[in-house]
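Notes follow once the structure below has been shown.
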Amino acid sequence: MNAVVGSHDVVLLTLDTLRFDAAQRCFERGELPVLAPHLPADGWERRHTPGSFTYAAHAAFFAGFLPTPARPGPHPRLFALEFEGSETTSAHTHVFRDCDNIVAGFRRAGYWTLCIGGVGFFNKRNPLGSQLPSLFEESHWRPEFGVVAADSTERQVELACKRLDSPQLAGRRCFVFINISAVHQPNRHYLDGAVHDDFESHCAALRHVDAALAPLLQALRRRGPAFVIACSDHGTAYGEDGFHGHRLAHEVVMTVPYAHFFLSP
Numbered sequence: 010m011n012a013v014v015g016s017h018d019v020v021l022l023t024l025d026t027l028r029f030d031a032a033q034r035c036f037e038r039g040e041l042p043v044l045a046p047h048l049p050a051d052g053w054e055r056r057h058t059p060g061s062f063t064y065a066a067h068a069a070f071f072a073g074f075l076p077t078p079a080r081p082g083p084h085p086r087l088f089a090l091e092f093e094g095s096e097t098t099s100a101h102t103h104v105f106r107d108c109d110n111i112v113a114g115f116r117r118a119g120y121w122t123l124c125i126g127g128v129g130f131f132n133k134r135n136p137l138g139s140q141l142p143s144l145f146e147e148s149h150w151r152p153e154f155g156v157v158a159a160d161s162t163e164r165q166v167e168l169a170c171k172r173l174d175s176p177q178l179a180g181r182r183c184f185v186f187i188n189i190s191a192v193h194q195p196n197r198h199y200l201d202g203a204v205h206d207d208f209e210s211h212c213a214a215l216r217h218v219d220a221a222l223a224p225l226l227q228a229l230r231r232r233g234p235a236f237v238i239a240c241s242d243h244g245t246a247y248g249e250d251g252f253h254g255h256r257l258a259h260e261v262v263m264t265v266p267y268a269h270f271f272l273s274p
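Under my numbering, think of the first position of the sequence shown as 10, with each following residue one higher.
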């Protein structure tokens with residue numbers, strides 16, 4: 010990552026609430042034409058999230074602790090903050106020194122830092138909803154980016170493309186974070202005839218998100234090389250073992266899909 014930071018745009022897409030099993034099923038059925046070409050031949054990587062709900066997971070992400078492979082480690086990290094005793098910092102890890110979050114680290118490295126929020130922890134309507142966005146030089150949230158807007162991903166991508174193509178950011182590297190809200194409940198509006206959210210509407214929401222991401226990947230290619238991380242922050246339960254929702258340590262919540270890939274002009 011030391012060769013990436015400074016030479017590439019870096020993008021973190023969190024597909025909020027996306028379950029690994031749903032993401033992998035959509036991949037195996039050929040339902041992700043935009044993302045699939047950038048995934049390994051066998052699909053998404055199965056990983057464990059550091060948090061069972063949005064706030065906890067993103068607090069860890071912005072400290073450099075992304076989801077870890079769901080197999081025995083240790084697993085070296087892509088980014089890290091300077092921290093004595095870290096066992097997951099390797100020669101290939103980019104270490105941000107004298108920073109308490111990676112967003113500040115990217116800013117010190119000359120990046121413009123851009124946040125486009127989705128779920129309530131990014132809505133900037135109260136101190137809690139402002140905490141994570143305040144890490145960024147530029148942050149946005151609108152009701153049309155939120156969980157009840159059926160076209161939220163299109164609107165988020167539209168703004169991201171507008172900012173990435175702007176004269177202000179021409180020639181400047183960007184760290185772009187987008188919290189994609191569409192898969193988070195409610196998601197039944199993505200499946201015709203659905204009355205309640207369930208695993209099928211969850212998958213339908215991901216199919217919708219995949220199609221909506223195409224303009225973003227095109228905009229990143231126009232700007233030059235980019236390194237993209239696409240992952241979930243946590244999953245959610247639809248009745249498995251009697252559990253519903255998240256902020257609980259069930260396998261379907263703690264196991265998430267992960268991928269990273271490069272884009273070239």
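By construction, the Cβ of each residue, glycine as well, lies at the ideal position given by its N, Cα and C atoms.
Helix, strand or coil for residue i? Go by DSSP, reduced to three states.
i, result
"His193", "coil"
"Thr245", "coil"
"Ala223", "helix"
"Val43", "coil"
"Val218", "helix"
"Val166", "helix"
"Gly82", "coil"
"Leu229", "helix"
"Gly213", "Sequence check: residue 213 is Ala here, not Gly. Note: Ala213 maps to helix in three-state DSSP."
"Glu153", "helix"
"Pro176", "helix"
"Gly52", "coil"
"His205", "coil"
"Ser143", "helix"
Determine, using beta carbons only, whether residue i comes closer than 8 Å to chain B.
i, result
"Ala158", "Annotation note: the requested chain B is absent from the structure, which comprises a single protein chain."
My assumption, with CB atoms under 8 Å, is that residue i sits in contact with residue j. Please give the rounded CB distance.
i, j, result
"Arg197", "His205", "6 Å"
"Cys124", "Phe145", "4 Å"
"Val261", "Ala246", "5 Å"
"Phe282", "Val112", "The requested residue 282 does not occur in the structure, where the chain is confined to residues 10 to 274."
"Phe115", "Phe184", "4 Å"
"Ser161", "Gly127", "7 Å"
"His47", "Phe270", "4 Å"
Specify, as a first and last residue, the run of the alpha helix (DSSP H) that residue i falls within.
i, result
"Ala159", "Per DSSP, Ala159 belongs to no alpha helix (DSSP H) and is neither H nor E."
"Cys108", "From DSSP, Cys108 is part of no alpha helix (DSSP H); its letter is neither H nor E."
"Ala69", "Thr63 to Phe70"
"Leu137", "Pro136 to Gln140"
"Glu37", "Phe29 to Glu37"
Per DSSP, residue i is paired with what?
i, result
"His57", "Thr77 and Thr264"
"Ala89", "Val104"
"Ser148", "Cys124"
"Gly254", "Ala246"
"Asn188", "Thr23"
"Glu269", "Correcting the residue identity first, residue 269 is His in this sequence and not Glu. According to DSSP, His269 bridges with Ile238."
"Val14", "His17"
"Cys3", "Any property of residue 3 remains undetermined from this structure, which presents the chain solely from 10 to 274."
If you compare alpha carbons, which of the options is closest to residue i?
i, options, result
"Ala79", "Arg106, Phe154 and Val265", "Val265"
"Asn11", "Phe105, Thr97, Glu93 and His253", "Phe105"
"Asp51", "Gln177, Ala228 and Ala268", "Ala268"
"Leu27", "Phe115, Val185, Leu229 and Pro76", "Pro76"
"Ile189", "Asp250, Leu41, Ser241 and Glu37", "Ser241"
"Glu5", "Pro81, Asp107 and His101", "Residue 5 is absent from the structure shown; the chain starts at 10 and stops at 274."
"Ala221", "Glu209, Ala235, Val192 and Arg232", "Val192"
"Arg182", "Arg117, Phe208, Leu87 and Glu249", "Arg117"
"Ala32", "Arg231, Asp219 and Leu225", "Asp219"
"Ile187", "Pro42, Val166, Tyr199 and Leu173", "Val166"
"Pro81", "Glu91, Leu178, Thr97 and Ala66", "Thr97"
"His101", "Leu48, Val43 and Leu87", "Leu87"
"Thr58", "Glu163, His259 and Gly127", "His259"
"Phe131", "Phe36, Arg34, Asp250 and Ala65", "Ala65"
"Gly180", "Leu225, Gly233 and Ala169", "Gly233"
"Leu178", "Gly119, Cys212, Val14 and Thr162", "Gly119"
"Gly60", "His255, Leu200 and Asp30", "His255"
Where does the unbroken beta strand (DSSP E) through residue i begin, and where does it stop?
i, result
"Leu22", "Asp18 to Leu24"
"Phe236", "Ala235 to Cys240"
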